[in-house]
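Enquirer: For reference, the structure I am asking about is given below.
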Ligand SMILES: NC(=O)c1ccc[n+]([C@@H]2O[C@H](COP(=O)([O-])OP(=O)(O)OC[C@H]3O[C@@H](n4cnc5c(N)ncnc54)[C@H](O)[C@@H]3O)[C@@H](O)[C@H]2O)c1
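Residue numbers (the working numbering): 736 to 1094.
Laid out in structure tokens, this is it:
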């Protein structure tokens, strides 16, 4: 028997459907490990952080939370946010704290069309559509720079400044990441999303760095598209996309558009990577805590299970990652679908079907 590799994974289900989809993903990963004939296993530690924790302690995560997470091989995350806590408090107190604290500067968000899931896009019926959004995940519009002032002037007179930070280092590393990823794909193309017509400082720097980096990748096709035009292109010409690189805010919006086009927000997976591996990376579905359906067993677990597949690839288990992706496709292809994609299956039904298709 080969020696067993044990991966230490920190699970942070957090809020709402986060708990349901992380439980689903863990069940699938444990089934894969159990079938690996002792080759690998997962050693899970679950952290109770999130909005309930905030109500009890005044903190979204423990004060030394990053120190605790630092030594894990990866983090498997659900979703954060609940109506009892302001969204900017919950997001900055947990998810963004981990992404920024661990310099997870590349956020990879595949837009994957699954068999058996009806896309609202008619073109998807007879056109191969598959692209990936690469999101700058450490700066840009989500740098947290700014402030609020002048409240002493009285109600209605306060002022807020929210600045965006673009550094050459930040732009260059995410663009090189996008070009390297494009080289692994059938279509070698990188589309840069910009808004340099209106944002004449940060986005012009973004464009200049894109041109400079592109020169090092003559084998990769490029285009630079304004964000407004890119949102139209997602709908009208998605077949022309392969890797889309965009700033923190632009990619956040575009990736939700992409997953809605693929059928549901509940399908979309993502990886927050620290490519240098100085810190653990974090894998999570793109969706939020979905308070409207939480606790009913209706959450689509595919986004979380797809994120588990991305985590397997990151841990070097590439065959298992491919097997899991195929099992997801076989599950949707067989019509085992939650209500958000037109089916009647529960979270548990879909999870069980994925496990059945692993063998
Ligand atoms: N990464 C994150 O943790 C993250 C991302 C987005 C929003 N949020 C937070 O989540 C909370 C709710 O935000 P929202 O309503 O704007 O976005 P949301 O993603 O939670 O929900 C949007 C819509 O998609 C549906 N949906 C989401 N996930 C689903 C799933 N797995 N299966 C089936 N349907 C699903 C919901 O029912 C809802 O109709 C807020 O507190 C917000 O701040 C967190």
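Built from N, CA and C at the ideal position, the CB exists for glycine as well. As the structure is a computational prediction, the values presented were derived from the model and not from experiment.
Taking 7 Å as the threshold (C-beta atoms), are residue 926 and residue 903 in contact?
Expert: Counted from its first residue, the chain shown places residue 903 at position 168. Counted from its first residue, the chain shown places residue 926 at position 191. Judged by their CB atoms, residue 903 and residue 926 are not nearer to each other than the 7 Å cut-off.
Enquirer: Count the other CB atoms, across all protein chains shown, that sit within 10 Å of the CB of residue 894; report buried if there are 16 or more and exposed otherwise.
Expert: Working through the chain shown from its first residue, we reach residue 894 at position 159. Answer is exposed; the Cβ neighbour count stays below 16.
Enquirer: Quick check: the Cα distance between residue 1035 and residue 887, rounded to an integer number of angstroms?
Expert: Your numbering for residue 1035 matches position 300 in the chain shown. Your numbering for residue 887 matches position 152 in the chain shown. Their Cα atoms are separated by approximately 47 Å.
Enquirer: Considering only residues of the stretch 1027–1072, which uninterrupted alpha helix (DSSP H) runs meet the minimum length of 4 residues and lie entirely inside it, listed in chain order?
Expert: Fully contained in the stretch 1027–1072 are the following alpha helix (DSSP H) runs of length 4 or more, in chain order: 1037–1049 and 1053–1068.
Enquirer: Do the stretch 1004–1018 and the stretch 971–984 touch if we need at least three Cβ pairs shorter than 8 Å?
Expert: no
Enquirer: Is there at least one non-hydrogen atom of ligand 1 closer than 6 Å to the beta-carbon of residue 1024?
Expert: Counting from one through the chain shown, the residue named residue 1024 turns up at place 289. For ligand 1, at least one heavy atom lies less than 6 Å from the Cβ of residue 1024.
Enquirer: I'd like the ranges of any alpha helix (DSSP H) spanning at least 4 consecutive residues and lying wholly in the stretch 796–828.
Expert: 800–804 and 822–825
Enquirer: Out of 856, 906 and 811, point me to the one whose CA is closest to residue 946's CA.
Expert: Stepping through the chain shown from its first residue, residue 946 is reached at position 211. Selected option, being the one with the closest Cα: 906.
Enquirer: For the structure I just gave you, are there three or more beta carbon pairs, one from the stretch 799–812 and one from the stretch 1051–1062, closer than 8 Å?
Expert: no
Enquirer: Would you call residue 1007 buried or exposed, if buried means 16 or more other Cβ atoms sit within 10 Å of its Cβ?
Expert: To locate residue 1007, count along the chain shown from 1; it is residue 272. Buried.
Enquirer: With respect to 6 Å, is the separation between the Cβ of residue 1075 and the closest non-hydrogen atom of ligand 1 below this value?
Expert: Working through the chain shown from its first residue, we reach residue 1075 at position 340. Remark: the C-beta of residue 1075 is in contact range of ligand 1, defined as less than 6 Å to any heavy atom.
Enquirer: Threshold first: 3 residues or longer. Then list the beta strand (DSSP E) segments lying entirely within the stretch 955–1039, N to C.
Expert: 956–961, 978–981, 1004–1008 and 1016–1020
Enquirer: Report yes if the CB atom of residue 922 is closer than 7 Å to the CB atom of residue 990, and no otherwise.
Expert: Position 187 of the chain shown, counted from the first residue, corresponds to residue 922. Position 255 of the chain shown, counted from the first residue, corresponds to residue 990. Result no, Cβ atoms of residue 922 and residue 990 do not sit closer than 7 Å.
Enquirer: Over the uninterrupted beta strand (DSSP E) stretch that includes residue 877, give me the two end residues.
Expert: In the chain shown, counting from the first residue as 1, residue 877 sits at position 142. Its beta strand (DSSP E) spans residues 875–884.
Enquirer: Give the single residue among 1090, 1063 and 1084 whose Cα lies nearest to the Cα of residue 847.
Expert: Residue mapping note: residue 847 aligns to position 112 of the chain shown, counting from 1. Among 1090, 1063 and 1084, the Cα nearest to that of residue 847 belongs to 1063.
Enquirer: Taking Cβ to Cβ, would you say residue 1025 is nearer than 7 Å to residue 751?
Expert: Here residue 1025 is taken as the residue at index 290 of the chain shown, counted from 1. Here residue 751 is taken as the residue at index 16 of the chain shown, counted from 1. Taking the C-beta atoms as reference points, residue 751 is found nearer than 7 Å to residue 1025.
Enquirer: Let me confirm a value: residue 910 is counted as buried when at least 16 other C-beta atoms fall within 10 Å, else exposed. Which label applies?
Expert: By 1-based counting over the chain shown, the position of residue 910 is 175. Buried is the call here.
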